[in-house]
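K.L.:
I am attaching a structure below and will ask some questions about it afterwards.
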Amino acid sequence: MHTSATFELPPLFEFSAIGAENNPNRVAFGEGPDGREVTWREFEDDSLRAADAFRDSVGQGDRVAFLCDCSIDHVTLWNGAMKAGAVVSNLHTRASTETLAYCIDELRPSVLVLDATFSDTLETALADRVSTDLDAVVTIGRTGAPYEESLESFLAGHEPVAPDVRIGEDDVACVQWTSGTTGRPKGWCHTHRGLGHKALLLQDLLHLDRTAAQAHVFTPSFAAWYSVVLPALASGATTYFQSSWDPEEYLRLIDERDLTSALLVPTMWRELLNVENFEEYDLSSLQAIMSA
Numbered sequence: 099m100h101t102s103a104t105f106e107l108p109p110l111f112e113f114s115a116i117g118a119e120n121n122p123n124r125v126a127f128g129e130g131p132d133g134r135e136v137t138w139r140e141f142e143d144d145s146l147r148a149a150d151a152f153r154d155s156v157g158q159g160d161r162v163a164f165l166c167d168c169s170i171d172h173v174t175l176w177n178g179a180m181k182a183g184a185v186v187s188n189l190h191t192r193a194s195t196e197t198l199a200y201c202i203d204e205l206r207p208s209v210l211v212l213d214a215t216f217s218d219t220l221e222t223a224l225a226d227r228v229s230t231d232l233d234a235v236v237t238i239g240r241t242g243a244p245y246e247e248s249l250e251s252f253l254a255g256h257e258p259v260a261p262d263v264r265i266g267e268d269d270v271a272c273v274q275w276t277s278g279t280t281g282r283p284k285g286w287c288h289t290h291r292g293l294g295h296k297a298l299l300l301q302d303l304l305h306l307d308r309t310a311a312q313a314h315v316f317t318p319s320f321a322a323w324y325s326v327v328l329p330a331l332a333s334g335a336t337t338y339f340q341s342s343w344d345p346e347e348y349l350r351l352i353d354e355r356d357l358t359s360a361l362l363v364p365t366m367w368r369e370l371l372n373v374e375n376f377e378e379y380d381l382s383s384l385q386a387i388m389s390a
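Numbering of the sequence shown is given in the working numbering, commencing with residue 99 and proceeding in unit increments.
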């Protein structure tokens, strides 16, 4: 006798297609209180364009590594790589060069995507340590070394067309890395099924739906990044990235973007409540606050 119900979940990257169909004109992702925004329709089309570009270098089951901070470009390429059939992995941006080289060689990605701020790290410290042959290095921002390709060049000429890939629930979607406090980091493989269930669970736990708006301050390097992005994809909620922690900027983000949900760790909450002009900000839009 079955003791639990099962149901088929779509691959993780199909959540954005559902958002584009159900809520095309609502903002999907934004950057800070003043930065750019993309709707769910724009996010889906940009992700498909990225997927088409990745297919030049990536086959189903190949890996794409990211050395990036929070941004719309990062989450778009992350989603697009999965649409291309790739396994995605966010590397630790604050790890030592020895650790980064180890993780890259363990993962053996076909493509490395990095923010321009990490271009010098790759050229001066990583290039001689990494034995993996990369088919492409895509840089978000200004390129440095000759082998880097700008994001604009990478996407040029590609259309928002879904690649012909067949991804199942039990295929690996991503590799997350442990912190390595007891040794070298270990790659932790997650399937589309596991991440899909986590997305639905967190959507309920965080009280998110398509009318919600939340901030995201966690670096892609850690699992907490997924704990904010996954339920946003499942619910169609709006997410605003804050790439570096600043408690007053976070208050301004809530005020100016009318955020309905806030998730921080206790230390961040303490810093937020101790902001000198805390009472000057309008936080009345908040409906749920959480600590993790």
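Note that the Cβ used here is the ideal one computed from N, Cα and C, for glycine as well.
Cα separation between D233 and G130?
P.N.:
Along the sequence shown, read from residue 1 onward, the residue named residue 233 stands at position 135. Along the sequence shown, read from residue 1 onward, the residue named residue 130 stands at position 32. Approximately 33 Å, taken between the alpha carbons.
K.L.:
For the structure I just gave you, are there three or more beta carbon pairs, one from the segment 295 to 310 and one from the segment 272 to 285, closer than 8 Å?
P.N.:
no
K.L.:
Using the rule of at least 16 other Cβ atoms within 10 Å of the residue's Cβ for burial, across every protein chain shown, is G255 buried or exposed?
P.N.:
Against the sequence shown, residue 255 aligns to sequence position 157. Exposed is the call here.
K.L.:
Hey, how far is the Cα of H100 from the Cα of F113?
P.N.:
The residue you call residue 100 lines up with position 2 of the sequence shown. The residue you call residue 113 lines up with position 15 of the sequence shown. Below a pLDDT of 50, predicted positions are generally treated as unreliable, and H100, at 41, falls in that range; the measurement from the model is reported next regardless. The straight-line gap from Cα to Cα measures roughly 28 Å.
K.L.:
The alpha helix (DSSP H) that contains L249, what's its start and end?
P.N.:
What you label residue 249 is simply residue 151 of the sequence shown in a count that begins at 1. Unbroken alpha helix (DSSP H) run through L249: L249 to L253.
K.L.:
CB-CB under 6 Å to P109, same chain, minus the five flanking residues each way: which ones, in chain order?
P.N.:
Locating residue 109 in the sequence shown gives position 11, counting from the first residue. If the five residues before and after P109 are omitted, its C-beta is found closer than 6 Å to the C-beta atoms of I265 and H290, all from its own chain and listed in chain order.
K.L.:
Tell me whether D380 is buried or exposed, calling it buried when 16 or more other Cβ atoms sit within 10 Å of its Cβ.
P.N.:
Locating residue 380 in the sequence shown gives position 282, where the first residue counts as 1. It counts as exposed.
K.L.:
Along the chain, where does the beta strand (DSSP E) containing D154 start, and where does it finish?
P.N.:
For this step, residue 154 is matched to residue 56 along the sequence shown. No beta strand (DSSP E) contains D154, which DSSP labels as neither H nor E.
K.L.:
Do L370 and L349 come within 8 Å of each other at the CB atom, strictly closer than that value?
P.N.:
As a position in the sequence shown, residue 349 is number 251, starting the count at 1. As a position in the sequence shown, residue 370 is number 272, starting the count at 1. Against a cut-off of 8 Å, the Cβ pair of L370 and L349 comes out as a contact.
K.L.:
Taking the alpha helix (DSSP H) that S325 falls in, what are its first and last residues?
P.N.:
As a first step, residue 325 is located in the sequence shown; it is residue number 227 there, counting from the start. Note, S325: alpha helix (DSSP H), A322 to S333.
K.L.:
So, V259 versus V185, is the Cβ gap smaller than 8 Å?
P.N.:
Here the question's residue 259 lines up with position 161 in the sequence shown. Here the question's residue 185 lines up with position 87 in the sequence shown. In this structure, V185 does not lie closer than 8 Å to V259 by Cβ.
K.L.:
Cβ of D150 within 8 Å of Cβ of E257?
P.N.:
As a working note, residue 150 is residue 52 in the sequence shown. As a working note, residue 257 is residue 159 in the sequence shown. Closer than 8 Å, so yes.
K.L.:
So who's on the other strand from I387, going by DSSP bridges?
P.N.:
Your numbering for residue 387 matches position 289 in the sequence shown. Partner(s): A360.
K.L.:
Quick check: what's the CA-CA separation for S333 versus W323?
P.N.:
Locating residue 333 in the sequence shown gives position 235, where the first residue counts as 1. Locating residue 323 in the sequence shown gives position 225, where the first residue counts as 1. Taking the straight line from one Cα to the other gives about 16 Å.
K.L.:
Does the count of Cβ pairs from the segment 221 to 230 and the segment 202 to 213 closer than 8 Å reach three?
P.N.:
yes
K.L.:
Just to confirm, is the Cβ distance from P261 to A148 under 8 Å?
P.N.:
The sequence position of residue 261 within the sequence shown is 163, counting from 1. The sequence position of residue 148 within the sequence shown is 50, counting from 1. Not closer than 8 Å, so no.
K.L.:
For the segment 353 to 360 against the segment 325 to 332, are there 3 or more C-beta pairs whose distance is under 8 Å?
P.N.:
no
K.L.:
Can you check DSSP and say which residues form a bridge with R161?
P.N.:
Here the question's residue 161 lines up with position 63 in the sequence shown. According to DSSP, which records beta bridges pairwise, R161 is partnered with V185.
K.L.:
I need the straight-line Cα distance from T104 to G292, nearest angstrom please.
P.N.:
By one-based count along the sequence shown, residue 104 stands at place 6. By one-based count along the sequence shown, residue 292 stands at place 194. In this prediction, T104 scores a pLDDT of 49, lower than 50, which makes its location untrustworthy; no coordinate-derived value is stated.
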